[in-house]
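What follows is one structure encoded as structure tokens, with my remarks underneath.
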């Protein structure tokens, strides 16, 4: 952050999106389609979630360096502190993690303890923009929701998995 009378020389931001898949919708869709290759119902954005960026050269030294909150569309934008701007390859030392969801949220992380890698989106006039893949959550009502299939690079699909399968 630039001090009084100082101009900010660079900007580094990390953006992303949090979405929630409703297990009941997935369960109904699975039984109607009777196969997992059909498109799933659209997930809902998660608003009010706390998201943090952790940076460091090793897992032991990785510390939270910036936080953000998702908006009503599930989007977040985190402006990294200036002491990290000089690091040329932030994608090698920084990760994003969902810290907290609002108390009224029906969602929970579809993964436990995992961090999401960032990737460089653009470099322009002293600014670098990074992004994470969309972070997918499931409803917390059912333990039967499982993250079992990756359908593409940018989207993790969450399917209902029946007991015994």
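Residue numbers (this note's numbering): 11 to 175. Beta carbons: idealized from backbone N, C-alpha and C, even for Gly.
| message | Excluding the 5 residues flanking residue 43 on each side, which residues of the same chain have their C-beta closer than 7 Å to its C-beta? | response | Indexing the chain shown from 1 puts residue 43 at position 33. Since pLDDT at residue 43 reaches only 47, below the 50 mark, its modelled position is unreliable, and the value read off the structure follows with that caveat. Excluding sequence neighbours, residue 43 sits near nothing in its chain.
Item to check | Buried/exposed call for residue 76, threshold 16 Cβ in 10 Å | outcome: As a position in the chain shown, residue 76 is number 66, starting the count at 1. So residue 76 counts as buried.
Query raised in the report: By DSSP, does residue 161 sit in helix, in strand, or in coil?
Result: Here the question's residue 161 lines up with position 151 in the chain shown. Only weak support exists for where residue 161 lies, its pLDDT of 35 falling under 50; the coordinates are left without a value.
Check whether residue 56 and residue 84 have beta carbons under 8 Å apart = Position 46 of the chain shown, counting from 1, holds the residue named residue 56. Position 74 of the chain shown, counting from 1, holds the residue named residue 84. Yes, these two residues count as a Cβ contact at 8 Å.
**8 Å contact criterion, which residue 28 and residue 59 should meet: CB distance rounded** = As a first step, residue 28 must be located in the chain shown, where it is residue number 18. As a first step, residue 59 must be located in the chain shown, where it is residue number 49. Indeed they touch by this definition, with Cβ atoms about 5 Å apart.
Worksheet entry | Three-way DSSP call (helix, strand, coil) for residue 37 in this model | Along the chain shown, one-based indexing puts residue 37 at 27. Residue placement at residue 37 is poorly supported in this model, since its pLDDT is 46, which falls under 50; the coordinates still yield a value, given next. If DSSP states are grouped into helix, strand and coil, residue 37 belongs with the helices.
When burial is assigned at 16 or more other CB atoms within 10 Å of the CB, is residue 53 buried or exposed? Within the chain shown, residue 53 is the residue found at index 43, counting from 1. Per the 10 Å Cβ criterion, buried.
**Prompt:** Since residue 105 sits in a beta bridge, which residues does DSSP pair it with?
**Reply:** Position 95 of the chain shown, counted from the start, is the residue given in the question as residue 105. DSSP output for residue 105 lists 64, 127 as bridge partner(s).
**Request:** Apply the 10 Å Cβ neighbour rule to residue 136 and answer buried if 16 or more other Cβ atoms are within range, or exposed otherwise.
**Result:** Sequence index remark: in the chain shown, residue 136 carries index 126 (1-based). It counts as exposed.
Alpha carbon of residue 144 to alpha carbon of residue 66, nearest angstrom
The residue you call residue 144 lines up with position 134 of the chain shown. The residue you call residue 66 lines up with position 56 of the chain shown. Whole-angstrom Cα-Cα distance: 22 Å.
Checklist entry - Just how far apart, CA to CA, sit residue 125 and residue 92? => result In the chain shown, counting from the first residue as 1, residue 125 sits at position 115. In the chain shown, counting from the first residue as 1, residue 92 sits at position 82. Whole-angstrom Cα-Cα distance: 22 Å.
Residue 139: first and last residue of the uninterrupted beta strand (DSSP E) it sits in
Indexing the chain shown from 1 puts residue 139 at position 129. That run of the beta strand (DSSP E) goes 137-142.
**Message:** From the DSSP secondary-structure annotation, give me the bridge partner or partners of residue 97.
**Reply:** Position 87 of the chain shown, counted from the first residue, corresponds to residue 97. DSSP output for residue 97 lists no bridge partner at all.
- Item | Boundaries of the beta strand (DSSP E) in which residue 149 is found, first to last residue | Indexing the chain shown from 1 puts residue 149 at position 139. 145-149 is the extent of the beta strand (DSSP E) around residue 149.
Which residue from 20, 18, 25 puts its Cα closest to that of residue 130? For this step, residue 130 is matched to residue 120 along the chain shown. Among 20, 18, 25, the Cα nearest to that of residue 130 is on 25.
> Of the residues 109, 100, 104, 101, which one's Cα is nearest the Cα of residue 3?
Replying inline: With the chain running from 11 to 175 in the structure shown, residue 3 is simply not present.
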